[in-house]
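Chemist: In my numbering, the protein residues as written are 4 to 153.
As structure tokens, this is what we get:
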């Protein structure tokens with residue numbers, strides 16, 4: 004039986020990020036890019052291989068109102084949630100599908116990046132650190148924009 008209590012732990016990245024102010028999200032139908040910083044032409048980012056995400060509040064002043072704050076979610080940083088209530092909700096909702104199996108959700112992971120003004124949450128199978136050049140970001144945007152052409 005699933006442990007009903009979530010457990011939140013911080014993830015240390017190879018590059019130090021303050022998780023304070025600026026960030027930028029590029030969300031596609033296949034994944035999400037969370038851009039964390041820029042040094043010259045090099046952009047530090049996280050890639051989540053799924054479009055399942057939330058972006059917005061609560062900010063740092065209202066952080067205690069986040070349902071996972073009582074389980075170890077800190078004000079700033081990147082965190083992973085074990086026994087995620089959001090994954091449980093997705094699995095429960097999907098049970099209406101005729102070919103549903105709870106095992107489809109077994110390798111999903113729940114990440115939360117906490118900044119001063121926003122939080123970014125993702126449910127995905129894989130999260131990885133990336134460095135991208137400005138031209139790679141431009142190419143990504145141009146590719147995604149091309150899908151909108153009629």
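Idealized CB from N, CA, C, for every residue including glycine.
Predicted, not measured: the structure shown is a model, and the values here were computed from it.
Measuring only the C-alpha atoms, how far is residue 12 from residue 102?
Modeler: Their backbone Cα atoms lie some 33 Å apart in a straight line.
Chemist: Whole-angstrom Cβ separation of residue 76 and residue 115, contact assumed at under 8 Å?
Modeler: Confirmed, Cβ separation roughly 6 Å.
Chemist: Would residue 150 and residue 117 be called neighbours here (beta carbons separated by less than 9 Å)?
Modeler: Against a cut-off of 9 Å, the Cβ pair of residue 117 and residue 150 comes out as no contact.
Chemist: Which residues bound the beta strand (DSSP E) around residue 141?
Modeler: Looking at the DSSP string, residue 141 is not in any beta strand (DSSP E); the run it does join, the alpha helix (DSSP H), is 137-149.
Chemist: Excluding the five sequence neighbours on either side, which residues of its own chain have a C-beta within less than 6 Å of the C-beta of residue 93, listed in chain order?
Modeler: No residues qualify anywhere along the chain.
Chemist: In angstroms, rounded to a whole number, what distance separates the CA positions of residue 134 and residue 95?
Modeler: Cα to Cα, the separation comes out at about 36 Å.
Chemist: Where does residue 123 land, buried or exposed, given buried means 16+ other C-beta within 10 angstroms?
Modeler: So residue 123 counts as buried.
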